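Heads up, the sequence shown is in my numbering, so the first residue is -16 and it goes up one at a time.
In this text, a Cβ means the ideal position worked out from N, Cα and C, and glycines have one as well.
Bear in mind that the values here come from a model prediction, so they are computed numbers and not experimental data.
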Amino acid sequence: MSTAFFPRQIEIGPTCLEQLGEVASNLGGTHLLIVIDAFLVSSPYSYDEKIKNIAKQHQLEVTFFSDYRGEPTTDHLSAALNKMKGTGADCVVAIGGGSAIDLAKAVSLFALNPNIQWQEIASQTRLKRLPLIAVPTTAGTGSEATKVMVITDSQTQYKMNPGHRDLIPDAAILDPELSCSLPKQFTAYTGMDALTHAIEAYVSTNATAITDSYALLAISKIANALPKVYENGMDLEAREEMLMASCYAGIAFSNASTNLAHAAGRPLGARFNIPHGLSVSLLLPFVMEFSLKAAEERFGDIAENLGIQEVESRSKLAESAVKHVNELNEHFDIWKDGLKYIDLVDLEESIPVLVKDALSGNGITTNRKVPDSRDVKDLYLSLINKLKTIKECNAASL
């Protein structure tokens, strides 16, 4: 038996942001709290003015919240809820990357449940929340289609990622014109995050026929579109394909779970303040290699959907998937960019804490080969060795 949960409505295509007013009205919204990335309300984008015009056409009021930076925290949540007080806002809209969407999920939930405890969220039979609309401007997190939100505890710096089907947004609006503003490197980071979601969903022990279909579609679309948008960010057709792929990958992993690359990537990102997509893509090849023999047939399927052909055996085909992801990391400067954030000595000294945090998070038991502390330590050591090699090569080329 297969079960899957989805957003109730998905709009996709150039200019579909114009549907926001109608979608919000249909959900019963009269006053929208817009959680939006700060740069989007500044020149040259000024999406706040466009959104005001769309809202006015449907007799909707709007309040904007953009007082957050980086990945969302409990302090950001408190600030958003304070901004919301007294406005009469009855619908939450996220416009931005995964941080905006995750923060909006938390706002929509805590606005109606101010005393709920974070550890209680996943175990609730039902969650009451405000209507929620997600408008992603990046093709990576897939948060517009997922039941998970990632919020960092401002006191402990621990990344909490509770999941519940009622956190899935009611509607997702996928307008490729909004993603054209994403810089080249963040296009790569978010695109590799989407690829990681799809790969991990496909090899998850919770995978189903439904999630398999979405995961493989996402992998093939990313393989086709990500190199195109990396070279030409204004390619609207490829941007749309990436948004669709990210959404598909979100559906896949939301229902099947991610696994070791995300479990190990979350504490790495928190420790070194690394963009999420970069942190998971730094670890993905090593996780694939660790899991290879336990899911050889599935990694062969992944290779085929990455566009790899004419390999002499199924075993070699599976291995080629790992090689291809390594090559993507090189092409998108993932290894070089990792060195911009990571101090290798600090990383080596931090391994015991990173291992503990990785093993305590989601995604360990859904890995086809369940890792122990030694295995996770080896992942981080493999990353250190890789980055040392890259650093030496960079020095030699100067």
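Tell me the DSSP secondary structure of Ala(-13) in three-state form. For the purposes of this step, residue -13 is taken as the residue at position 4 of the sequence shown. The answer is coil: DSSP assigns Ala(-13) none of H, G, I, E or B.
Should the stretch -9 to 0 be regarded as contacting the stretch 85 to 105, the criterion being three or more beta carbon pairs within less than 8 Å? no
Which of helix, strand or coil DSSP assigns to Leu15: Along the sequence shown, one-based indexing puts residue 15 at 32. Strand.
According to DSSP, simplified to helix, strand and coil, what is Cys(-1)? For the purposes of this step, residue -1 is taken as residue 16 along the sequence shown, with counting starting at 1. If DSSP states are grouped into helix, strand and coil, Cys(-1) belongs with the helices.
Tell me whether Asp326 is buried or exposed, calling it buried when 16 or more other Cβ atoms sit within 10 Å of its Cβ. Position 343 of the sequence shown, counted from the start, is the residue given in the question as residue 326. Exposed, by the Cβ-count rule.
What is the DSSP secondary structure of Phe47, reduced to helix, strand or coil? Within the sequence shown, residue 47 is the residue found at index 64, counting from 1. Strand.
Take Gly260 and list the residues in its own chain whose beta-carbon comes closer than 7 Å to its own, dropping the five residues that flank it on each side. As a working note, residue 260 is residue 277 in the sequence shown. Result list for Gly260: Gly123, Tyr172, Thr173, Met175, Asp176, in chain order.
Quick one: is Asp50 buried, meaning 16 or more other Cβ sit within 10 Å of its Cβ, or exposed? Taking the first residue of the sequence shown as 1, we reach residue 50 at position 67. It is exposed - the Cβ of Asp50 has fewer than 16 other Cβ atoms within 10 Å.
Per DSSP, the bridge partner or partners of Gln(-8): On the sequence shown, residue -8 is found 9 positions in, with the first residue counted as 1. Paired residues: Ala154.
For Asp153 and Leu115, what's the separation of their Cα atoms in angstroms? For this step, residue 153 is matched to residue 170 along the sequence shown. For this step, residue 115 is matched to residue 132 along the sequence shown. Going from the Cα of Asp153 to the Cα of Leu115 covers about 6 Å.
Would you mind sorting Asn65 into buried or exposed? The rule is 16 or more other CB atoms within 10 Å of its CB. The residue labelled residue 65 in the question sits at position 82 within the sequence shown. Exposed, by the Cβ-count rule.
In the DSSP assignment, what residue or residues form a beta bridge with Pro97? Counted from its first residue, the sequence shown places residue 97 at position 114. Note: Pro97 sits in no beta bridge, so no partner.
Leaving out the 5 sequence neighbours to the left and right, which residues in its chain are closer than 8 Å to Cys74 when beta-carbon positions are compared? What you label residue 74 is simply residue 91 of the sequence shown in a count that begins at 1. Correct list, in chain order: Ala7, Leu10, Gly11, Gly12, Thr13, His14, Leu15, Leu16, Leu113, Pro114, Leu115, Ile116.
Out of His314, Leu157, Ile205, His245, state which residue places its alpha-carbon closest to the alpha-carbon of Met143. For the purposes of this step, residue 143 is taken as residue 160 along the sequence shown, with counting starting at 1. Ranking the options by Cα distance to Met143, first place goes to His245.
Would you please state the rounded distance, in angstroms, between the beta carbons of Ile234 and Tyr197? I believe it to be under 8 Å. Locating residue 234 in the sequence shown gives position 251, where the first residue counts as 1. Locating residue 197 in the sequence shown gives position 214, where the first residue counts as 1. Contact flag correct, Cβ pair sits at about 5 Å.
Determine the contact status of Val133 and Glu183, defining contact as a CB-CB distance below 8 Å. Looking up residue 133 in the sequence shown gives position 150. Looking up residue 183 in the sequence shown gives position 200. Not closer than 8 Å, so no.
Please go through the same chain and pick out, in chain order, the residues whose beta-carbon is closer than 7 Å to the beta-carbon of Lys352, but skip the five residues on each side of it. Position 369 of the sequence shown, counted from the first residue, corresponds to residue 352. Counting only Cβ-Cβ distances below 7 Å, and skipping sequence neighbours, we find Phe273, Ser274, Ala277.
Could you tell me whether the Cβ atoms of Leu199 and Phe269 are closer together than 8 Å? As a position in the sequence shown, residue 199 is number 216, starting the count at 1. As a position in the sequence shown, residue 269 is number 286, starting the count at 1. No, the Cβ-Cβ distance between Leu199 and Phe269 is not below 8 Å.
Quick one: grab the DSSP three-state call for Ala117. As a working note, residue 117 is residue 134 in the sequence shown. Of the three classes helix, strand and coil, the one that applies to Ala117 here is strand, per DSSP.
Residues bridged to Ala77 (per DSSP): Counted from its first residue, the sequence shown places residue 77 at position 94. DSSP output for Ala77 lists Val18, Ala117 as bridge partner(s).
Let me know the alpha helix (DSSP H) ranges lying completely inside the stretch 123 to 151, each 4 residues or longer, listed in chain order. none
Can you pull the DSSP bridge partners for Thr56? Position 73 of the sequence shown holds residue 56. DSSP lists Thr135 as partners of Thr56.
If you follow the alpha helix (DSSP H) that Asp358 is part of, which residue opens it and which one closes it? Position 375 of the sequence shown, counted from the first residue, corresponds to residue 358. From DSSP, the alpha helix (DSSP H) with Asp358 extends over 356 to 380.
What three-state label does DSSP hand Asp340 in the structure shown? For the purposes of this step, residue 340 is identified with residue 357 of the sequence shown, where counting begins at 1. Looking at Asp340 - three-state DSSP - the assignment turns out to be helix.
Exposure of Asp329, with buried meaning 16 or more beta-carbon neighbours within 10 Å: Taking the first residue of the sequence shown as 1, we reach residue 329 at position 346. Exposed, because fewer than 16 other Cβ atoms sit within 10 Å of the Cβ of Asp329.
Let me make sure I understand the geometry here. Which of Leu243, Ala221, Asn238 has the alpha-carbon closest to that of Gly125? Here residue 125 refers to the residue found at position 142 of the sequence shown. With distances taken between Cα atoms, Gly125 lies closest to Asn238.
Which word fits Lys88, buried or exposed, when buried means at least 16 other C-beta atoms lie within 10 angstroms of its C-beta? Position 105 of the sequence shown, counted from the first residue, corresponds to residue 88. That one is buried.
Only counting the same chain, and skipping five residues up and downstream in sequence, which positions put a Cβ closer than 6 Å to that of Glu160? As a position in the sequence shown, residue 160 is number 177, starting the count at 1. Only Pro(-3) meet the Cβ criterion.
Rounded to a whole number of angstroms, what is the C-alpha to C-alpha distance between Lys130 and Ile151? As a first step, residue 130 is located in the sequence shown; it is residue number 147 there, counting from the start. As a first step, residue 151 is located in the sequence shown; it is residue number 168 there, counting from the start. The alpha-carbon atoms of Lys130 and Ile151 are separated by roughly 5 Å.
To the nearest angstrom, report how far apart Gly441 and Ile34 are at their CA atoms. Shown here, the chain extends from -16 to 381; a query on residue 441 therefore has no answer.
What do you reckon, are the CB atoms on Met227 and Leu165 nearer than 8 Å? Residue 227 sits at position 244 when you count from the first residue of the sequence shown. Residue 165 sits at position 182 when you count from the first residue of the sequence shown. The answer is no: Cβ separation not under 8 Å.
Backbone secondary structure at Gly216 - three-state DSSP: Position 233 of the sequence shown, counted from the first residue, corresponds to residue 216. Gly216: coil per DSSP, three-state reduction.
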